[in-house]
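*Asks:*
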Amino acid sequence: TSYVRVINKTQTTGASRSSLGVSRQPGTNDIVVSGTISPQDGQKRFLLTVHAPGLFGGTLLKEALTSKGIVVHGNAGIVNDGQKAPRNDELLLVSHVSPPLSTIINHVNKASHNLSAELLFRTLGAVHYGKGTSPNGTRVMLETLERAGVVVEEVTIRDGSGLSRLSMVTPFQMVSLLEFMYHHPAFIYFYNSLPVAGVDGTLSLRMVGTCAEGNVWAKTGFSTHTESLSGY
C-alpha cells in the first residue's frame, strides 16, 4: 500500500539468525526496519500500528477497487464528527452497524482486547456527553461506579483499556463492582464474557487440572511484574 513508507536499514550478515527491529516514527507512517538479516533465516512477520487508521482503511479500499479496474475519483477520506451528513454530490454506498454490546463485551473480556475496551470507553463519552473523549468516558464510568456503591475516591481512571499506570482500583472496590454486577439485569451477559479457567480466553491454559478448572470465571489483568484476576 502507498499509505506507508518502508525505510530499510538492515544489513545482511553471515549469522545463522536474523536480529531485526521494526518501528514507526510517531506522527508518521514511516516504518523503519533495522538490524541484521541472515540469508539462511525464514520469513519474518511484525505487527505495527498505523497513524490515522481510519484513513488507512479508506486508502486500502480505494487501492483494492483500483486494482480490480474500478475507477475511483478523488482521494480517500474520513468523515469527522462535525460532517456526518453526506454532501449533496455524495451517495452513500454502504453502512455498517456493529454487533450488540452483549457480543462485543464477549470479545473484549475473553480475549482481553485492549483496543475494543478503549473504544467502548470513548463510545460511552460520545453517547452520554456528545464527544468520545477520554475525560467524557471517565465521567460516565465514575458516575456508574458511584451508583454501584463503589467509593470513587479510591478509584483512578485514565483510560479504558487499563494499560495506563495511572489507572488504579483497590481490591475492595473491585469486589463491590462484582457484587453489583451479580444483581444486575445484564449479569448473564457479563458473566458469560469472562474467561473460564482451563477452558477458554486468557485463562485457557491456567489452573488446568485443579479444582478451579471450569469453575473460576475471571478477567485477567496484567502489567510488567504484576498479574491479577477478578471474577467469580
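In short: position in the sequence shown from 1, add 47, done, that's our numbering. Backbone N, C-alpha and C define an ideal beta-carbon position, used for all residues, glycine too.
#1: Just curious, the alpha helix (DSSP H) that I54 is in, first and last residue?
#2: Classify K109 as buried or exposed, calling it buried when 16 or more other Cβ atoms lie within 10 Å of its own Cβ.
#3: Pairing CB atoms from the stretch 150-157 with CB atoms from the stretch 247-262, are three or more of them under 8 Å?
#4: Given this structure, state the Cα-to-Cα distance separating Y236 from E137, to the nearest angstrom.
#5: Which of helix, strand or coil does DSSP assign to T203?
#6: Could you check which residue in G61, Y50, T59 has the C-alpha nearest to that of D77?
#7: Assess contact between the stretch 229-243 and the stretch 198-214, defined as three or more Cβ pairs (one per stretch) separated by less than 8 Å. Is contact present?
#8: Enumerated in chain order, which unbroken segments of the alpha helix (DSSP H) with a length of 4 residues or greater are wholly contained in the stretch 161-217?
#9: Round the Cβ separation of L171 and V197 to the nearest angstrom and send it over; I've been treating them as touching at under 8 Å.
#10: Just to confirm my understanding: we take G68, look at its own chain, exclude 5 residues before and 5 after, and list those with CB closer than 7 Å. What are they?
#11: If you drop the 5 nearest sequence neighbours on each side, which residues of the same chain put their C-beta closer than 8 Å to that of I54?
#12: Does DSSP put I117 in a helix, a strand or coil?
#13: Hey, quick one: how far does the alpha helix (DSSP H) through T150 stretch, first residue to last?
#14: For R71, which residues from the same chain have a beta carbon less than 6 Å from its beta carbon, with the 5 sequence-adjacent residues on both sides left out?
#15: Using beta-carbon positions only, say whether S277 and K266 come within less than 8 Å of one another.
#16: Assuming A259 and F227 are in contact, meaning their beta carbons sit under 8 Å apart, how far apart are those beta carbons, in whole angstroms?
#17: Taking the continuous alpha helix (DSSP H) assigned at S240, which residues delimit it?
#18: Taking DSSP as the reference, what is the three-state secondary structure of T106?
#19: Given a cut-off of 8 Å on the beta-carbon distance, is the pair V222 and V202 in contact?
#20: For L225, which of helix, strand or coil comes out of DSSP?
*Replies:* In short, the structure shows the following:
#1: One-based indexing of the sequence shown puts residue 54 at position 7. Unbroken run through I54 is the beta strand (DSSP E), 52-59; no alpha helix (DSSP H).
#2: Residue 109 sits at position 62 when you count from the first residue of the sequence shown. Classification for K109: buried.
#3: Taking a cut-off of 8 Å on C-beta distances, the stretch 150-157 touches the stretch 247-262, as three or more cross pairs fall below it.
#4: Numbered from 1 along the sequence shown, position 189 holds the residue referred to as residue 236. Numbered from 1 along the sequence shown, position 90 holds the residue referred to as residue 137. Taking the straight line joining both Cα atoms gives about 40 Å.
#5: Residue mapping note: residue 203 aligns to position 156 of the sequence shown, counting from 1. Of the three classes helix, strand and coil, the one that applies to T203 here is strand, per DSSP.
#6: Here residue 77 is taken as the residue at index 30 of the sequence shown, counted from 1. When only C-alpha atoms are compared, the closest one is Y50.
#7: no
#8: 161-176, 181-194
#9: The count along the sequence shown starts at 1 and reaches residue 171 at position 124. The count along the sequence shown starts at 1 and reaches residue 197 at position 150. Wrong, their Cβ atoms sit about 16 Å apart, outside the cutoff.
#10: For the purposes of this step, residue 68 is identified with residue 21 of the sequence shown, where counting begins at 1. Hits under 7 Å: S81, G82.
#11: Here residue 54 is taken as the residue at index 7 of the sequence shown, counted from 1. Excluding residues within five positions, the ones whose Cβ falls inside 8 Å are D77, I78, V79, V80.
#12: The residue you call residue 117 lines up with position 70 of the sequence shown. Correct three-state label for I117: coil.
#13: On the sequence shown, residue 150 is found 103 positions in, with the first residue counted as 1. Segment 148-158, the alpha helix (DSSP H) holding T150.
#14: If you number the sequence shown from 1, residue 71 lands on position 24. I78, L95, listed in sequence order.
#15: Sequence index remark: in the sequence shown, residue 277 carries index 230 (1-based). Sequence index remark: in the sequence shown, residue 266 carries index 219 (1-based). Result yes, Cβ atoms of S277 and K266 sit closer than 8 Å.
#16: Position 212 of the sequence shown, counting from 1, holds the residue named residue 259. Position 180 of the sequence shown, counting from 1, holds the residue named residue 227. Between F227 and A259 the Cβ distance is about 24 Å, and since that is not below 8 Å, they are no contact.
#17: Position 193 of the sequence shown, counted from the start, is the residue given in the question as residue 240. From DSSP, the alpha helix (DSSP H) with S240 extends over 234-240.
#18: Within the sequence shown, numbered from 1, the residue matching residue 106 stands at position 59. Correct three-state label for T106: helix.
#19: Taking the sequence shown and counting its residues from 1, one reaches residue 222 at position 175. Taking the sequence shown and counting its residues from 1, one reaches residue 202 at position 155. Cβ distance not < 8 Å, so V222 and V202 don't count as in contact.
#20: Numbered from 1 along the sequence shown, position 178 holds the residue referred to as residue 225. Helix, per DSSP.
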